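Numbering (my numbering), first residue to last: 13 to 248.
Beta carbons: idealized from backbone N, C-alpha and C, even for Gly.
Note that the structure is a prediction, hence the values are computed from the model and not measured.
For reference, the structure is listed below as structure tokens.
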Ligand code: MN
């Protein structure tokens, strides 16, 4: 069932082009959440990402940072009952259509909720078996980057080049191609009408406890721990 099936097709015209790629079912159920939003379960123990990320890092990032964004989003939207019928994905894609007072909290906390939910999901817990992109994602990577290593290298370079807080993203563009983006703060690619496929959070809170200022060590560890089957579901 299309994500936006109950919405008139004209709804997403204008800044989103024809929005065709956004009519696909959202593989990320968090994007289908409506107010009140809930913190999704992690799906693994907080120490399950060792040695890439230790329990203290995951604990603080998930239970403090991510959870506080969910709470702040709910608090902000309490005053906007007309927005309660829209999903998180719709709220982000349609930002400029909402009451002005709701835009900043949706942009900040809605983005952060969606981003962090995806970032937990794409990491492989436990004795992670290395997976490789296959299926549609594999084909798209071959077409748009030639190799998986080139795709990873582009993401790595983007992540290391970010000044201050932000995320490096692999996105699916409006023309159905994969591209690497860097976005400031917690801005979601959905704000630009692009589908988040894989995100790397380079806020210091994501790695400082383990890696201090060594962002490269963190980025490499994360890139080595990606569950590409889960990432692939984002583009199916
Ligand atoms: Mn974060």
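Judged by DSSP in its simplified three-state form, residue 238 adopts strand. The beta carbon of residue 70 lies closer than 7 Å to those of 58, 61 in the same chain, with the five residues before and after it left out. When DSSP reads this structure, residue 46 sits in a beta bridge with 99. Not one heavy atom of the ligand MN falls within 7 Å of the beta-carbon of residue 199. Relative to residue 212, the option among 105, 108, 228, 156 whose CA is nearest is 228. Rounded to the nearest whole angstrom, the C-alpha separation of residue 201 and residue 75 is 23 Å. Annotation for residue 219: 230 place their beta carbon closer than 6 Å to its own, counting only its chain and skipping 5 residues before and after.
Around residue 45, the same chain offers 99, 100 as residues with beta carbons nearer than 7 Å, after the five sequence neighbours per side are excluded.
Within the same chain, and ignoring the five residues on either side of residue 170 in sequence, the residues whose Cβ sits closer than 6 Å to its Cβ are 180, 192, 194. Here residue 144 has 150, 160, 240 as same chain residues with Cβ atoms under 8 Å from its own Cβ, once five neighbours each way along the sequence are excluded.
In the DSSP assignment, residue 180 falls outside any alpha helix (DSSP H) and lies within the beta strand (DSSP E) extending over 178-184. Residue 147 and residue 244 have their C-alpha atoms some 7 Å from each other.
CA-CA distance, residue 183 to residue 93, rounds to 31 Å. Within the same chain, Cβ atoms closer than 6 Å to the Cβ of residue 117 are found at 88, the five residues on either side in sequence being excluded.
As far as DSSP is concerned, residue 153 takes part in no beta bridge. A check of alpha carbon separations from residue 81 across 158, 197, 190 identifies 197 as the nearest. For the 8 Å CB-CB criterion, residue 122 and residue 135 do not form a contact.
Closest by C-alpha distance to residue 124, out of 52, 95, 56, is 52. Counting along the chain, residue 194 sits inside the beta strand (DSSP E) bounded by residues 190-196.
Taking every protein chain shown into account, the CB of residue 102 has 16 or more other CB atoms within 10 angstroms, so this residue is buried.
Beta-bridge partners of residue 212 (DSSP): 180. Distance from the CA of residue 138 to the CA of residue 109, rounded to the nearest whole angstrom, comes to 42 Å.
By the neighbour-count definition (other C-beta atoms within 10 Å, threshold 16), residue 63 is an exposed residue.
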